[in-house]
Amino acid sequence: MITALIRSELPRMSGSLRKVGRWVLEEPRRVAGVSAAELGRRTGTSQATVTRFCQAVGLDSYQALLLALAQEQGQEDHREEARPLGPDIGPDDPLDQVVAAVARADLQALRRTAERLDLDALDRAARTLATARRVDVYGVGASGVVALETEARLFGIGCDARGWTEVHAAETSAALLTPADAVVALSHSGATREVLAPLRLAAERGASTIAVTGDPRSPVARAAGIHLTSTSAETGFRRGGFGTRHSVLLILDCLYARVAQLTYQRSTASMALTAHIADKHR
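Numbering-wise (the numbering used here), the sequence shown opens with residue 83 and increments by one.
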């Protein structure tokens, strides 16, 4: 959905581009009635800025923006359920609308992440992990939880994977990597220093590097050999890494499934050997 994409890209835009994005989000129905030049005047920018804004969200032209907004609005107008709240949840909103707003944000993020997912990059990342001697996963804060989840999934199908959520330990591990190893770096902003430092060190050691961030132009994304882009599902109470977790998990689920597919015999054997453990503790 184009509005979800604009909302996720907005924090990374320059001041003039952000003005255009905010106006589009606040007045999506009115955009169809104005030209690019008029939109520039209404936002205190210019027609050239409007064009750059369209390019910043991956569109070729202003007409493409109008078409994307019209398609999204048409889908909204034909929904059977009541229109839920936007990303902001107020203190007096009824619970059913709060649930609808959260679900809507997550579904939009998942759909947009799947649409934008670079399948070639995903396949290269999976093949890298499938053949790696060892896999480091770096993440702190909300991304640290996902790093440990990634460790558990990969470890369960026979990968020698380890999640690192503390920068000293992560850098120590990175310093011991070799060209036979691989790294997965998780950072919503793509600028988390505790993730960037071990990622760069791992690259210096010759390890293959994979990044999952919400910004393909970020330092973490640029430092990695392979980059996969997530989309944020922010609401009034879920910002940053918390708002993007489900879309990151979708990417990692796809990555995990592809690794399992590429290492089918090893993966199925590992799962068969460990299947009884959960049952034993019920």
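Glycine residues also receive a C-beta, built at the ideal position from the N, C-alpha and C atoms.
Report the three-state DSSP secondary structure of residue i (helix, strand or coil).
i: Thr213; result: helix
i: Gly307; result: coil
i: Val113; result: helix
i: Ile84; result: helix
i: Val43; result: The chain is shown only over 83 to 364; residue 43 falls outside these bounds and no answer can be derived.
i: Arg364; result: coil
i: Gly238; result: helix
i: Ala262; result: coil
i: Ser329; result: helix
i: Gly245; result: strand
i: Ala279; result: helix
i: Ile292; result: strand
i: Ala273; result: coil
i: Val219; result: strand
i: Leu268; result: strand
i: Asp287; result: For the record, residue 287 in the displayed sequence is Arg; it is not Asp. Looking at Arg287 - three-state DSSP - the assignment turns out to be coil, as it is neither helix nor strand.
i: Val139; result: coil
i: Arg299; result: coil
i: Met95; result: coil
i: Thr350; result: helix
i: Leu201; result: helix
i: Asp175; result: coil
Report the CB separation of residue i from residue j in whole angstroms; it is logged as a contact under 8 Å.
i: Thr210; j: Ile333; result: Their Cβ separation, rounded to whole angstroms, is 15 Å, which puts Thr210 and Ile333 out of contact at 8 Å.
i: Leu268; j: Ser225; result: 4 Å
i: Ala187; j: Ile308; result: At roughly 27 Å, the Cβ-Cβ gap does not stay under 8 Å, so Ala187 and Ile308 are not in contact.
i: Arg134; j: Leu99; result: 6 Å
i: Val222; j: Leu331; result: 17 Å between Cβ atoms; not a contact.
I need the straight-line Cα distance from residue i to residue j, nearest angstrom please.
i: Ala354; j: Val302; result: 36 Å
i: Ala284; j: Thr195; result: 27 Å
i: Ala243; j: Ser143; result: 44 Å
i: Val181; j: Ala191; result: 16 Å
i: Gln184; j: Thr313; result: Residue identity check: residue 184 is Val in the sequence provided, not Gln. Rounded to whole angstroms, Val184 to Thr313 spans 15 Å at the Cα level.
i: Val266; j: Ile359; result: 27 Å
i: Val102; j: Glu233; result: 41 Å
i: Thr356; j: Val217; result: 20 Å
i: Val219; j: Met95; result: 29 Å
i: Ala264; j: Ala252; result: 13 Å
i: Ile84; j: Ala279; result: 33 Å
i: Val341; j: Arg282; result: 24 Å
i: Gly122; j: Ala273; result: 31 Å
i: Ser290; j: Ala262; result: 8 Å
i: Arg348; j: Leu204; result: 20 Å
i: Gly156; j: Gly238; result: 44 Å
i: Arg124; j: Ser255; result: 53 Å
i: Arg215; j: Thr311; result: 25 Å
i: Cys136; j: Arg104; result: 13 Å
i: Thr350; j: Asp361; result: 18 Å
i: Gln343; j: Ser329; result: 21 Å
i: Glu162; j: Arg112; result: In this predicted model, Glu162 has a pLDDT of only 38, less than 50, meaning its place in the structure is not dependable; the value taken from the coordinates is given anyway. The straight-line gap from Cα to Cα measures roughly 23 Å.
i: Arg364; j: Ala339; result: 26 Å
i: Pro298; j: Arg304; result: 7 Å
i: Leu141; j: Ala306; result: 25 Å
i: Leu201; j: Ala150; result: 23 Å
i: Ala119; j: Glu197; result: 30 Å
i: Gln179; j: Ala86; result: 18 Å
i: Ser300; j: Arg193; result: 22 Å
Does the distance from the C-beta atom of residue i to that of residue j stay below 9 Å?
i: Pro326; j: Gly240; result: Going by the sequence as given, residue 326 is Thr instead of Pro. Not in contact: Thr326 and Gly240 (Cβ atoms no closer than 9 Å).
i: Thr260; j: Arg287; result: yes
i: Ala114; j: Ala152; result: yes
i: Gly296; j: His270; result: yes
i: Leu148; j: Cys336; result: no
i: Glu154; j: Pro110; result: yes
i: Glu91; j: Val139; result: yes
i: Ile88; j: Val116; result: no
i: Val249; j: Glu276; result: yes
i: Leu230; j: Thr213; result: no
Say yes only if the C-beta of residue i is nearer than 8 Å to one or more non-hydrogen atoms of the ligand SAM, and no if none qualify.
i: Ala191; result: No copy of the ligand SAM appears in this structure; indeed no ligand is present at all.
Output yes if chain C places a C-beta closer than 9 Å to the C-beta of residue i; else output no.
i: Ile292; result: Among the protein chains of the structure shown there is no chain C, as only one such chain exists.
Cβ contact (3+ pairs, closer than 8 Å) linking the stretch 172-184 and the stretch 124-134: no
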